[in-house]
Ligand SMILES: NC(=O)c1ccc[n+]([C@@H]2O[C@H](COP(=O)([O-])OP(=O)(O)OC[C@H]3O[C@@H](n4cnc5c(N)ncnc54)[C@H](O)[C@@H]3O)[C@@H](O)[C@H]2O)c1
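Spelled out as C-alpha cells, the structure:
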C-alpha cells in the first residue's frame, strides 16, 4: 500500500484520534479537521492532539464542518487521496436537549463534506454512521439488510440521512462511499459522556451510578482497536456504495458490563435503578457477516480485556493509584 494523504474529520475526537494515530503509524499523512467543541471536556481533545502532533505526517485545522468555505479551503490546499469523515455531534440523549447541534454538524456538515469531495475530485469517502439507526429493531442480530426507516432519536435520523445523502453523491458523481455503523465503541481516550467512562469515574469517587431500564439492556460493546481495523480496511477497499456494521457480534448485559468494571477496579458500584430513557433502545447486536466477507473485519477483543485496557489507561491518565 502506497502512502496516502487522508483527511480525518473529528481527529480530536475519540475514534478520529485512534484512527489518525494508526494511519500515521503505517506512514500515511493525516490532515485533521475538528472544531474542538466542548460537548465534553476539551482537555481530552487537546491531550489526543498533543500525541498526534508528535508525528511529522500530521497537520491540523480547527474549523466547523458547517463552515463550507473553510472546509473547502482545506480541500483546495491539499490533495486528499481519501476522506474519513468522523466529525459529528454524537450522543443519543443530548439530541433531545439540543436538536439543532445535530442538524448543523451532522446534516449541514455532512453535505459540506460531500460537496468538497465532489468539487475537488476526491473519489473515496468513508464516514461514520451508527447502530442507533436500527432504532427499536426487534429482529436480532441487526443486519444492514434490515429496514431502518423508524429512528427513535434525532441523532439516529441524522445518521440515516447521511447514508441516504451518500447514496445520492455516489450515484450522481461517482464518489465511492462506505458508511460504517459503529456499535458502542469504548477504550482508552474514550468519551466521558459514555457509560463505561462515567461509571468508572463515579465508582472511583464513591458516587451512585444510574442504571437505566432497571439494568435490562444489552449493548454490543466494540473495542476501539477492532473498530480502527475495520475503518482502515474500508479506507483501503473502496466500494461504490456500501454500509457495514462494525460491532463485536456479542451483546452484553448491562449488569454484567458493570460487574466487569467493578472487578477491574476491585470496587463495588452503588446503583440507582431508573426507567428507560427516551430515545434509548433496549438492545444492540451487530450481524457482521457482510463486514467479515467484504472487509475482512474480525473483532478480537473481549469485554474483559477491553475494559481492563480502558481502566489501566484511566488510572494512568488521571493519576489514580
Ligand atoms: N463512540 C461510539 O460508540 C460511536 C457509535 C456510533 C457512531 N459513532 C460516530 O463516530 C464518529 C466519531 O465518534 P466519537 O465517539 O469519536 O465522538 P467524539 O465526540 O469524541 O468525536 C467527534 C469529534 O468531532 C468534532 N466535531 C463535532 N462537531 C463538529 C463540527 N460541527 N465541526 C467540526 N468538528 C466537529 C468534535 O469536536 C469531536 O472531537 C461520530 O460520527 C459518531 O457519531 C460513535
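Residue numbers (my numbering): 973 to 1293. Cβ atoms here follow ideal geometry from the backbone N, Cα and C, with glycine treated the same way.
key: residue 1072, buried or exposed, once every other Cβ within 10 Å from all chains shown has been counted against 16   = exposed
key: Beta-carbon proximity check, residue 1176 vs residue 1141, cutoff 7 angstroms   = no
ask   = Which same chain residues, not among the five before or five after residue 1034, have their C-beta less than 7 angstroms away from its C-beta?
value = 1006, 1007, 1008
query = Is residue 1124 helix, strand or coil by DSSP?
reply = coil
query = Over what stretch of residues does the beta strand (DSSP E) that includes residue 1151 continue unbroken?
reply = 1148–1154
key: Simplified DSSP state of residue 1049, which is helix, strand or coil   = helix
ask   = Which of helix, strand or coil does DSSP assign to residue 1290?
value = coil
task = Return yes when the Cβ of residue 1147 is within less than 7 angstroms of the Cβ of residue 1083, no when it is not.
result = no
task = Determine the burial state of residue 1061: buried for a count of at least 16 other Cβ atoms within 10 Å of its Cβ, exposed for fewer.
result = buried
inquiry  = Tell me the residue span of the beta strand (DSSP E) that contains residue 1096.
reply    = 1096–1102
request  = Classify residue 1014 as buried or exposed, calling it buried when 16 or more other Cβ atoms lie within 10 Å of its own Cβ.
outcome  = exposed
task = Kindly indicate which three-state DSSP category residue 1269 falls into: helix, strand or coil?
result = coil
request  = Would you mind listing the beta strand (DSSP E) stretches within the segment 1156–1244 that are 3+ residues and don't spill past its ends, in chain order?
outcome  = 1180–1183, 1213–1218
ask   = Whose C-beta lies closer than 8 angstroms to the C-beta of residue 1233 among residues of the same chain, with five residues either side of it excluded?
value = 1168, 1171, 1172, 1175, 1241, 1279, 1283
ask   = Between residue 1257 and residue 1210, what straight-line distance do the alpha-carbon atoms span, to the nearest angstrom?
value = 25 angstroms
query = Opposite residue 1006 in the DSSP bridges: which residues?
reply = 1034
request  = Throw me the rounded Cβ distance for the residue 1026 and residue 1001 pair, which I believe falls under 8 angstroms.
outcome  = Incorrect: roughly 14 angstroms between the Cβ atoms, too far for contact.
query = Is the Cβ-Cβ distance between residue 1225 and residue 1260 less than 7 angstroms?
reply = no
query = Do the segment 1040–1051 and the segment 1015–1022 touch if we need at least three Cβ pairs shorter than 8 angstroms?
reply = no
query = What whole-angstrom Cβ distance do residue 1204 and residue 983 have, given they're in contact under 8 angstroms?
reply = Their Cβ separation, rounded to whole angstroms, is 15 angstroms, which puts residue 1204 and residue 983 out of contact at 8 angstroms.
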